[in-house]
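To keep things clear, I will list the structure first and then write my remarks on it.
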Amino acid sequence: MAASANKSEVFVDRLSAGLEIITPQIYAKGLSIDRVDAMDTAISLMSDTIFFGRPYFNSDTGGFAVVSTGAKSVDVVFEKQYIDRPVVNATIVFDADSPEGSADSAFLNDVKYAVTNSTVDGFTISLNRSAPADIQFNWMAIAIKDARLFSSIS
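The numbers in the numbering used here rise by one with no breaks, and the one at position 152 of the sequence shown is 152.
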C-alpha cells in the first residue's frame, strides 16, 4: 500500500503574520522574591527604595584599613574599578580590639587624617604625622550618579 500525503497549495498576493507575546501584569501591594538579576549590566530601581532588613554590599563599598605604628598612610585598592570616582568617607576607630591607651595616644599626639588621592581605583588615608600606634579606620566608598559639586561663596 502506498503512503499518501495531503498537500495544500495557497495562492496569495501577500502573506501577513503576527506574533503576540503575553506577559502577566502584577498589581500588588508587595512583592516577595528570592533573587533579582540583570541580563545586561545594572538594575535600576526607579523610585525611592526602603530596606527593612540589612543591605549587604561588596568589599569595594566598605571595609577597614590600618595605618601601622610609624607609618603616615595606608592605600585602599578596589578589586573592581568604579565607573566614576566614588564618594569616600573614613572614620578613625578605637574599639574593644584596639590596644589600651591607643585612643589617648592619638589624641595626645594630635593625630589628624584625611582621605587623599581618591580615584576610580582606590584612595589613601593620610595622617598629618607618623602613627604613634596602629590606628584602625572604617571606610565607605559609594558611587553617586551625576554627583554635584557645591562651592562656598566669598
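We put the beta carbon where it would ideally sit given N, CA and C, even for glycine.
Alpha carbon to alpha carbon, what distance is there between Asp60 and Glu79?
-> Looking up residue 79 in the sequence shown gives position 79. Looking up residue 60 in the sequence shown gives position 60. Near 6 Å, if we compare the C-alpha coordinates of Asp60 and Glu79.
Using the beta-carbon count (16 or more within 10 Å), is Tyr113 buried or exposed?
-> Sequence index remark: in the sequence shown, residue 113 carries index 113 (1-based). Classification for Tyr113: buried.
Selection from Val87, Val93, Ile153 and Ser47 that minimises the alpha carbon distance to Ala147 = Taking the sequence shown and counting its residues from 1, one reaches residue 147 at position 147. Of the listed residues, the one whose Cα sits closest to Ala147 is Val87.
Outcome for Ile125 when other beta-carbon atoms lying within 10 angstroms are tallied against a minimum of 16 = As a position in the sequence shown, residue 125 is number 125, starting the count at 1. When all chains shown are included, Ile125 counts as buried.
May I have the straight-line CA-CA distance separating Thr116 from Gly122, to the nearest angstrom?
-> As a first step, residue 116 is located in the sequence shown; it is residue number 116 there, counting from the start. As a first step, residue 122 is located in the sequence shown; it is residue number 122 there, counting from the start. Going from the Cα of Thr116 to the Cα of Gly122 covers about 10 Å.
Given Asn58 as reference, the closest of Phe94, Tyr82 and Gly30 once Cα atoms are compared | Here residue 58 is taken as the residue at index 58 of the sequence shown, counted from 1. The option with the nearest alpha carbon to Asn58 is Tyr82.
Check each candidate in Gln136, Ala143 and Phe150 and name the one with the smallest Cα separation from Ser68.
-> For the purposes of this step, residue 68 is taken as the residue at position 68 of the sequence shown. Measuring from the Cα of Ser68, the nearest candidate turns out to be Gln136.
Express the C-alpha separation of Val111 and Asn128 in angstroms, rounding to a whole number.
-> Position 128 of the sequence shown, counting from 1, holds the residue named residue 128. Position 111 of the sequence shown, counting from 1, holds the residue named residue 111. Computed Cα separation, rounded: 6 Å.
Output the boundary residues of the beta strand (DSSP E) element that contains Ser130.
-> Stepping through the sequence shown from its first residue, residue 130 is reached at position 130. Careful: Ser130 lies outside any beta strand (DSSP E) and carries neither H nor E.
Residues in its own chain within less than 7 Å of Arg85 by CB, not counting five upstream and five downstream?
-> Mapped onto the sequence shown, residue 85 falls at position 85. Taken in chain order, the residues that qualify are Ser118, Thr119 and Val120.
What are the partner residues of Phe64, as DSSP defines its beta bridges?
-> Here residue 64 refers to the residue found at position 64 of the sequence shown. Phe64 is bridged to Asn138.
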